[in-house]
DNA sequence: CTGAAAGCGCTTACAG
DNA sequence: CTGAAAGCGCTTACAG
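Chains as they are written, first to last, in UniProt numbering: chain X, 1 to 337; chain R, 1 to 337.
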């Protein structure tokens, strides 16, 4: 393994000079510089990140904490975050926390983060109160995506507006019997997104002078399977909604499946609107409320990196909200009279 | 930041003793041990991974290289890999290489891996020849998943058998006019999976005494959108296939979309079989050939970690092939006469 | 502009 | 069983 000393020897300079020319470009004689660069490239020298970290106190590694990867949102944003980190010469250390948070024991340990990463991107993973304590004691720069934790700076969409855009589209088409799939089941009740979207749904109905049938506001764990299972019963029989707003496109796909099994045609018998603009949305012709996930990823990393590089004194923006956009495709239409 | 010296002082021992009791448990007097543990816990001591790495020469970090996260297979396997690494006290450094490989310039740089990770899990990312060179010179323990690179140990399914299972199911149902979606478009031509599945498709038809219509073997980039776009033309008009085998469930979902637009009912007018058992497959009632992705992830990490821990002398298994299983749901049925 | 040296926080022979 | 010391490969004041 070639080290900085090898380069120094070959270039006939001290290791300090090698270090300087390879970094700060601080005042190095052009000819010395040339020799060092030459030697480094001949030896195919790569500095040890580990030694650099120990000496500098910076790891240039960011932890990205996600609750799962199997959901489109998380996979997409992880991609965006990893790429924008790498552009800035940082690396992404991934941690997937699939278990649910429970009071009384922590899925988190200080060793996962302490002295290992310079900062954390937190992707909508709900925390128990003791886990929140632990994270606070770590005192690492952190940014949340999707939902805030305490006072932590957060990048997110306006969940209420997104949901309202969906309902209002259905109302405008003339629907009066609308169901909502996607308030939270017990296990994910800590997450704010389901509640925000559900509340907005109810509000929009009330403002339109319509009753809110709570039996048409369906709790799920936000998977396609669960959405299908929950929605099927209320889609049976004549007293059924003419439209469904799903809080995510993945759940909307579950509704597509349920409708198919029941022989309901979309949009003739049932209108359907999702939220996300999932990769499959276009192929399936799904009307949806689009969110720009890569933009959220980029915003999160730039927020975090500037907090890291400027030190904790510059208080970073506390909240960045990105817009959403209704995309009308084939799954929404006026109710058949 | 509390260091090993702080712990040593508080416990009244040397740092060497602290190090020993915290690791090898090698011969430490029980009472000394107790004092050290006590001191460490009182101080909430966490060893610096960076210093440990520098001193030990091991980082306990594994690079996971993926071509994209937006595909179900990659998101699923990444989850499995990250979790099994963490169980063994390793960490996953993620790198997403979305660009296509091109001769003449490398997306890879030695700094991404050298002295930074102890090994690499390579997820079906095609390499240009110079990139392959670079990886070889790095001489890091490596394992491939999904498709092999040169002689690198690989965990994968038998792609030919998986595809055959799909075709043979359709043949058994009585189909004679079967199309295949999922040979490779130019940009992913380096990947072996599309070719293997396509070849197996052709073989199965030939063995059944059927002609292979090459205009029904469709190149795509393996997205739902592309599959939909490619399949639509051949689904139009009376001279159309009665069944489609898609090389992935994601492409099968694209076919569902295309069929919907054309007013074709599944399975009455068109049978459809995918490969994967994607999260959405059950909700959509998709008949598919299931692969166990978490098992592949676990196999890959255990292969890699044992190569790392036993040193390069023990040549690891060169290939692990996991089985697949046909799952019949609602999208496949005998052709309507 | 450059070098000698201390220091980052560990691990690991080497003595005892 | 335990300690003193060297060493891992860098960075960064401090002199010059």
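Note that beta-carbon positions come from the ideal geometry of N, C-alpha and C, so glycine has one too.
Contact list for residue 79 of chain X against chain R, beta-carbon separation under 8 angstroms: For residue 79 of chain X, the residues of chain R that pass the 8 angstroms Cβ criterion are 68, 69, 70, 96, 98, in the order they occur in the chain.
Listed by chain order, chain X residues near residue 46 of chain R by CB distance under 7 angstroms: Simply 110, 111, 114, 115.
Whether residue 251 of chain X touches residue 181 of chain X by CB criterion (8 angstroms): Note that the C-beta distance between residue 251 of chain X and residue 181 of chain X is below 8 angstroms.
Inter-residue Cα distance where the pair is residue 139 of chain R and residue 295 of chain R: Computed Cα separation, rounded: 26 angstroms.
Stretch pair the stretch 33-51 of chain X + the stretch 9-19 of chain X: three plus CB contacts closer than 8 angstroms: Judged by Cβ distances under 8 angstroms, the stretch 33-51 of chain X makes contact with the stretch 9-19 of chain X, as three or more pairs qualify.
Proximity test, residue 208 of chain X beta-carbon vs the ligand COA heavy atom, cut-off 7 angstroms: Questions concerning the ligand COA fall outside what the structure shown contains, since it holds no ligand whatsoever.
Separation of residue 169 of chain R from residue 200 of chain R, as counted between CA atoms: Their Cα atoms are separated by approximately 13 angstroms.
Buried or exposed (CB count within 10 angstroms, at least 16 for buried), residue 310 of chain R: Taking a 10 Å sphere around the C-beta of residue 310 of chain R, we find fewer than 16 other C-beta atoms and assign the residue as exposed.
Nonlocal neighbours in the same chain, by C-beta distance under 7 angstroms from residue 149 of chain R, ignoring five residues either side: The answer, listed in chain order, is 122, 127, 132.
Residue 183 of chain X to residue 225 of chain R span [Cα, whole Å]: Between residue 183 of chain X and residue 225 of chain R, the C-alpha separation is close to 30 angstroms.
As assigned by DSSP and simplified to three states, the class of residue 325 of chain X: In the displayed model, residue 325 of chain X falls within a strand according to three-state DSSP.
Rounded distance between the beta-carbons of residue 303 of chain R and residue 153 of chain R, thought under 8 angstroms: Contact holds; Cβ gap of about 6 angstroms.
Counted within 10 angstroms of its Cβ, other Cβ atoms place residue 175 of chain R as buried (16 or more) or exposed: Flag for residue 175 of chain R reads buried.
Among R:155, R:110, R:34, R:205, the one whose alpha carbon lies nearest that of residue 244 of chain R: Among R:155, R:110, R:34, R:205, the Cα nearest to that of residue 244 of chain R is on R:205.
C-beta atoms of residue 228 of chain X and residue 254 of chain X nearer than 8 angstroms: With a cutoff of 8 angstroms on beta-carbon distance, residue 228 of chain X and residue 254 of chain X are scored as near each other.
Span of the alpha helix (DSSP H) around residue 50 of chain R: Counting along the chain, residue 50 of chain R sits inside the alpha helix (DSSP H) bounded by residues 49-56.
Residues that residue 49 of chain X contacts on chain R, provided the C-beta gap is smaller than 7 angstroms: Neighbours of residue 49 of chain X on chain R, chain order: 115, 116.
Check whether residue 120 of chain X and residue 90 of chain X have beta carbons under 8 angstroms apart: Contact: no.
Proximal chain R residues relative to residue 279 of chain X, where beta-carbon distance stays under 9 angstroms: By Cβ distance, chain R contributes 70, 71, 223, 224, 225, 250.
Chain-ordered chain R contacts of residue 348 of chain X [CB-CB under 7 angstroms]: Residue 348 of chain X is absent from the model: chain X starts at 1 and stops at 337.
Spatially closest choice to residue 318 of chain R from R:324, R:332, R:300, R:330, by CA coordinates: Ranked by Cα distance from residue 318 of chain R, the first of R:324, R:332, R:300, R:330 is R:300.
Near-chain R residues of the stretch 132-166 of chain X - C-beta to any C-beta below 7 angstroms: Listed in chain order, the positions of the stretch 132-166 of chain X with a beta carbon within less than 7 angstroms of a beta carbon of chain R would be empty, since no residue qualifies.
Nearest neighbour of residue 155 of chain X, chosen from X:145, X:164, X:235 [CA to CA]: That would be X:145, whose Cα lies nearest to the Cα of residue 155 of chain X.
Neighbour-count burial assignment, residue 29 of chain R, 16 or more Cβ in a 10 Å radius: Exposed is the call here.
For residue 220 of chain X and residue 268 of chain R, the rounded distance between their alpha carbons: Near 31 angstroms, if we compare the C-alpha coordinates of residue 220 of chain X and residue 268 of chain R.
Backbone CA spacing between residue 34 of chain X and residue 112 of chain R [nearest angstrom]: A straight-line Cα-Cα distance of about 24 angstroms links residue 34 of chain X and residue 112 of chain R.
Check whether residue 79 of chain X and residue 45 of chain X have beta carbons under 8 angstroms apart: No, they are not a contact pair.
Contact list for residue 54 of chain X against chain R, beta-carbon separation under 7 angstroms: Against residue 54 of chain X, the close residues of chain R are 50, 51, 54, in the order they occur along the chain (beta-carbon pairs closer than 7 angstroms).
Cut-off 7 angstroms between Cβ atoms - residues of its own chain near residue 77 of chain R, not counting five sequence neighbours on either side: Excluding five sequence positions before and after residue 77 of chain R, the CB atoms of its chain that fall closer than 7 angstroms to its own CB belong to 123, 145, 293, 296, 297, given in chain order.
Interface partners of residue 253 of chain R on chain X, CB under 9 angstroms: Those are 253, 280, 283, 284, listed as they occur along chain X.
Cα-Cα separation, residue 238 of chain R to residue 194 of chain R: The alpha-carbon separation between residue 238 of chain R and residue 194 of chain R amounts to approximately 28 angstroms.
Residue 243 of chain R, DSSP secondary structure in three states: Residue 243 of chain R: strand per DSSP, three-state reduction.
Cα-Cα separation, residue 11 of chain X to residue 51 of chain X: In a straight line, the C-alpha of residue 11 of chain X is about 21 angstroms away from that of residue 51 of chain X.
Check whether residue 191 of chain R and residue 162 of chain R have beta carbons under 8 angstroms apart: For residue 191 of chain R and residue 162 of chain R, no; Cβs fall outside 8 angstroms.
As assigned by DSSP and simplified to three states, the class of residue 180 of chain X: Collapsing the DSSP output to three states places residue 180 of chain X in a strand.
Residues that residue 76 of chain R contacts on chain X, provided the C-beta gap is smaller than 9 angstroms: Under the 9 angstroms cutoff, chain X gives 69, 70.
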